[in-house]
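Here the structure is laid out as structure tokens; the discussion comes afterwards.
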Amino acid sequence: MVDFRKKLGKKDTKVKINPIEIYDSLDRQSDKGELRPTQERIFKKWFDENRNNKDTILKLHTGQGKTLMGLLMLQSYLNETKEPCLYLCPDKYLLSQTCEQADMFGIKYCKMFKNIPDEFISGEKILITTCSKLFNGQSKFGLNAKSININAILLDDAHQCINYIKKSFKIELENTHKIHNKLLMLFENDLKKQGLGTYEEICNNDRNAFLQVPYWAWQDKIEDVAKILAKFKDEDLLAFSWPLIKDDLSNCECIISGTKIEIYPSISLLNKFGTYSTAKKRIFMSATIVEDSYLIKALGVDAKSVESPLTDPLDKWSGEKMILIPSLIDDALTRGEMIGKIAALRNTPYGVTVLTPTFTKAKDWEKYGLHISSNLNIITDVERLKNRTLKTPLIVSNRYEGIDLPDNSCRILVIDSLPTYGSLEDRYVESCLSASEIINQKLAQTIEQGMGRSVRGAKDFSVIILIGDDLVRFIRSSKTCGYFSPQTRKQVELGMDIARFAIDEIQRNSKSPYDAFYELIQQCLTRDEGWKEYYKEEMDKIEDTINSSINESTKLEYLADLSFKNNDIDKAYSSIQKLIDTYCSSNLELKGWYLQKMAKFKYSLSKLDSMKLQATAYTNNNYLLAPIEGIKTKKLDNINLKRMSNTINFINDFKNYDDLLVEFLSLKSDLSFNGDSDKFERAIDSIGKLLGFICQRPDKECKEGPDNLWKVYNNHYFVIECKNQVDQDRKEISKEEVGQLNTSIAWFRKNYHDIYHTSFMIISTNKLSKASVFTESVKIITPQKLNKFLEQLRKFILELKNYEIHNLTEERINNLFNEYKLNYQDIINDYSVETQTIN
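Structure follows, in structure tokens:
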């Protein structure tokens with residue numbers, strides 16, 4: 004064998020650590036050319052300014068070569084130190100894609116099977132694996148002081164990795180597991196004080212009913228909790244999370260619902276994974292569409308890195324997305340109408356994909372004979388889209404990331420309705436904070452991830468259709484659209500402009516709404532030059548912005564959690580106090596939320612001081628935990644009803660008429676049978692306030708009483724019980740449901756004595772069995788009557804478009820209420836029916 008090294012001239016023995024030089028030396032496939040200008044610009048900045056930082060965030064548009072860049076950064080560290088470097092993917096799908104990239108570019112790597120590869124430990128090759136291999140209670144990488152130390156770690160799609168990491172710390176059990184019943188019994192009295200009716204619903208396996216175990220009860224009974232959980236520690240459902248939280252149970256929260264239980268840490272315990280926490284260098288790869296401040300709290304990322312991510316300022320946007328919002332073009336293009344039209348798109352030369360938040364929503368598409376994908380067959384279904392053997396639209400439920408549908412595999416993408424969250428943790432936050440930044444950020448991120456499925460590169464293009472009143476409200480409202488990235492905000496703006504253009508086209512040329520809508524689709528798909536030029540011109544106007552207040556508040560909360568974990572209660576307390584003073588002065592709900600956190604911090608030092616704080620928290624936000632000493636019912640009888648003035652004040656809270664309209668459409672969407680009961684009751688509350696009534700949710704705010712209470716006149720109240728979860732084909736009202744309303748009536752009489760009231764039940768039937776008897780006359784609001792009422796309310800809202808909404812007079816509002824039959828007597832006479840007893 005010829006030793007060619009001996010034939011070389013002076014040998015350059017300098018190790019290459021510049022990623023650009025490393026790339027040039029790779030034995031890559033022949034079709035892999037030079038680095039893109041964007042990649043070279045970012046590499047130069049990283050090598051000159053960021054390479055020695057502990058934390059680095061890399062943000063690139065989809066299809067810009069982020070994976071290759073991450074691999075080269077790790078290779079740079081590997082060449083320099085010969086110490087272990089780890090590349091983590093959120094799932095096996097992305098793992099496979101990353102390994103393919105490494106193969107194509109000639110980057111040496113190893114994979115993990117049963118054990119950790121020697122080539123990784125010795126610093127010979129990058130280890131590419133999934134989050135699950137590191138972040139679990141039985142981790143091969145070790146826990147705490149026994150963790151394997153490494154030089155560098157990279158998290159690809161960091162926000163998706165967070166979801167897995169959070170799950171790794173969580174114990175989640177169905178109500179069929181013995182632990183569910185044992186904890187329910189252990190905290191029975193504590194939970195009843197937080198909501199007697201809700202507790203009974205939990206016992207009846209109601210999936211929508213849930214309660215948080217009060218932190219003081221959890222702390223006081225922590226030994227009992229530990230004994231219950233430890234008995235089942237070797238079961239698969241606990242084996243991978245129990246080792247992580249067993250010694251930090253006091254730092255955990257517990258939420259119990261009718262169908263499951265969740266136990267999870269309220270503060271970060273990432274230090275359990277020393278491989279991650281002690282890594283000398285950490286790289287977080289993130290899409291340009293997401294807000295990165297959450298990385299501070301979820302992954303302990305340095306705030307300065309969040310504020311200064313690695314991006315290419317010359318590359319503001321990538322790919323072409325025509326956003327179409329049918330309901331803005333014409334009221335006739337409803338969700339139901341669009342489902343039928345889109346389902347008819349068969350045997351097209353391109354793929355059509357629909358993303359739904361739940362399988363319940365997906366069933367509306369299944370009626371048209373469409374295929375619903377599942378986690379078991381998603382990879383196969385995506386391949387069928389790509390090779391065009393699937394000739395009908397593909398329905399994907401509750402999956403907004405991790406699937407790539409480039410080019411003709413998906414030219415039409417439908418986002419159907421607002422994403423939902425199945426975790427009790429998220430549902431609890433949403434129930435306490437009506438406009439939670441945490442939830443809104445997650446929703447915006449999820450929507451954007453979904454919208455990115457069909458545009459996977461700079462030259463890719465797709466039509467993205469948004470349907471569902473709740474989704475349209477979220478993207479249109481000035482209160483929530485700001486959570487989107489600048490790129491998506493601009494694309495949505497274009498979508499609303501396109502809707503206006505279509506309306507003009509309909510009026511000028513007498514086209515049907517659907518014809519105008521379909522013509523827009525064709526303009527994108529047939530590559531209309533005018534559309535392409537217009538899109539580019541508008542997208543080039545994007546201005547990037549950073550929400551520094553979100554970063555700062557998140558940083559303060561993370562600092563408080565860290566201090567609390569380190570037993571520095573005073574510092575934790577002062578950090579939350581600063582957060583409240585700086586960012587919560589005008590938001591009482593949020594102020595209450597953080598006061599409850601302070602109360603929890605205080606509990607171990609002084610139960611008395613803790614409960615004083617809890618009482619203050621509850622005063623600011625009645626949806627939080629009721630303090631130990633109980634609560635006094637906040638009666639409405641001392642509040643003078645100024646109905647027209649109340650309605651004007653309600654309307655004045657909106658920036659403009661469009662915001663008012665989308666809020667109403669969202670409330671109308673929430674008032675659906677078989678929908679979420681908490682959203683339904685919240686919508687009833689908001690509708691009452693819109694009508695100028697004084698409203699309360701006693702069961703939620705006072706922990707007893709009816710779902711909703713309206714003061715409709717100075718001496719007249721509506722007692723309302725909501726049963727929207729009942730099947731619409733139910734033949735009769737059950738004895739238990741009758742009993743619940745009777746209990747609510749008794750509560751009203753106890754607190755309001757002889758004040759006149761009308762009792763309502765919102766339910767799908769007005770039929771009563773002989774064994775069921777109300778204690779007084781009750782009116783029933785059926786789905787038909789509710790829809791009739793909402794239609795009149797819709798006409799009222801549309802009428803307001805003719806006026807300057809911030810200059811409405813009480814006389815004008817009164818006239819409109821009379822015209823559209825929206826007075827309290829109308830609700831009794833026109834929008835409800837009497838009960839009927841079945842013989």
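Letter by letter, the sequence shown follows residues 4 to 842 in our numbering.
Heads up, the beta-carbon is just placed ideally off N, CA and C, and yes, glycines get one too.
These figures come from a predicted structure and were not determined experimentally.
Residue i in three-state terms, based on DSSP
i	result
residue 180	coil
residue 46	helix
residue 773	coil
residue 20	coil
residue 275	helix
residue 119	coil
residue 820	helix
residue 782	strand
residue 102	helix
residue 478	helix
residue 827	helix
residue 519	helix
residue 162	helix
residue 441	helix
residue 756	coil
residue 3	Because residue 3 is not part of the residues shown, which for the chain are 4 to 842, the question remains open.
residue 324	strand
Residues bridged to residue i (per DSSP)
i	result
residue 113	130
residue 699	712
residue 416	356 and 467
residue 87	DSSP lists no partner for residue 87.
residue 427	According to DSSP, which records beta bridges pairwise, residue 427 is partnered with nothing at all.
residue 58	285
residue 400	359
residue 593	Partner(s): none; residue 593 has no beta bridge.
residue 2	Since the first residue of the chain shown is 4 and the last is 842, residue 2 is not available in this structure.
residue 213	260
residue 375	398
residue 64	DSSP output for residue 64 lists no bridge partner at all.
residue 840	771
Nearest-angstrom Cβ-Cβ length linking residue i and residue j, presumed shorter than 8 Å
i	j	result
residue 405	residue 163	7 Å
residue 462	residue 542	No, residue 462 and residue 542 are not in contact; Cβ-Cβ is about 14 Å, not under 8 Å.
residue 87	residue 126	6 Å
residue 717	residue 644	5 Å
residue 1	residue 477	Because the chain is modelled from 4 through 842, residue 1 falls outside the range shown and cannot be assessed.
residue 399	residue 449	Their Cβ separation, rounded to whole angstroms, is 13 Å, which puts residue 399 and residue 449 out of contact at 8 Å.
residue 65	residue 321	7 Å
residue 276	residue 150	6 Å
Residues near residue i by beta carbon distance below 8 Å, same chain, minus five either side
i	result
residue 165	297, 298, 301 and 302
residue 44	315 and 317
residue 481	658, 659 and 662
residue 1	As shown, the chain starts at 4 and ends at 842. That puts residue 1 outside it, with no answer to give.
residue 552	Unreliable placement is indicated for residue 552, whose pLDDT of 47 sits below 50; no coordinate value is reported for it.
residue 769	736, 783, 785, 836, 837, 838 and 839
residue 750	701, 707, 708 and 709
Contacts around residue i, its chain only, beta-carbon distance under 6 Å, and the 5 residues preceding and following it disregarded
i	result
residue 236	245
residue 96	405
residue 792	834
Contacts around residue i, its chain only, beta-carbon distance under 7 Å, and the 5 residues preceding and following it disregarded
i	result
residue 602	613, 616, 617 and 620
residue 566	574, 575 and 578
residue 664	800
residue 695	646, 647, 649 and 650
residue 256	215, 267 and 269
_For the pair the region 106-113 and the region 67-87, tell me if three or more CB-CB distances fall below 8 Å._
yes
*Is it a yes or a no for the region 210-227 touching the region 617-633, going by three-plus beta-carbon pairs under 8 Å?*
yes
*Do the region 131-146 and the region 50-66 touch if we need at least three Cβ pairs shorter than 8 Å?*
No, the region 131-146 is not in contact with the region 50-66.
*Report yes or no: do three or more beta-carbon pairs, one from the region 669-677 and one from the region 727-746, lie closer than 8 Å?*
yes
*asked:* Using a Cβ distance threshold of 8 Å, determine whether the region 324-336 contacts the region 79-93, with at least three qualifying pairs required.
replied: no
*asked:* For the region 742-758 against the region 691-700, do three or more pairs of beta-carbon atoms, one drawn from each stretch, fall closer than 8 Å, so that the two count as touching?
replied: no
*Say whether the region 520-532 touches the region 258-267, bearing in mind that this needs 3 or more beta-carbon pairs closer than 8 Å, one atom from each stretch.*
no
*Does the count of Cβ pairs from the region 332-346 and the region 459-473 closer than 8 Å reach three?*
yes
*Meets three-Cβ-pair contact criterion under 8 Å: the region 141-159 and the region 276-286*: yes
*Count the C-beta pairs between the region 200-211 and the region 250-264 that are closer than 8 Å, then say yes if the count reaches three, no if not.*
yes
*Mind the definition here: the region 112-121 touches the region 35-52 only if three or more C-beta pairs lie below 8 Å; say whether that holds.*
Contact check between the region 112-121 and the region 35-52: fewer than three CB pairs, one atom from each, fall below 8 Å, which does not count as touching.
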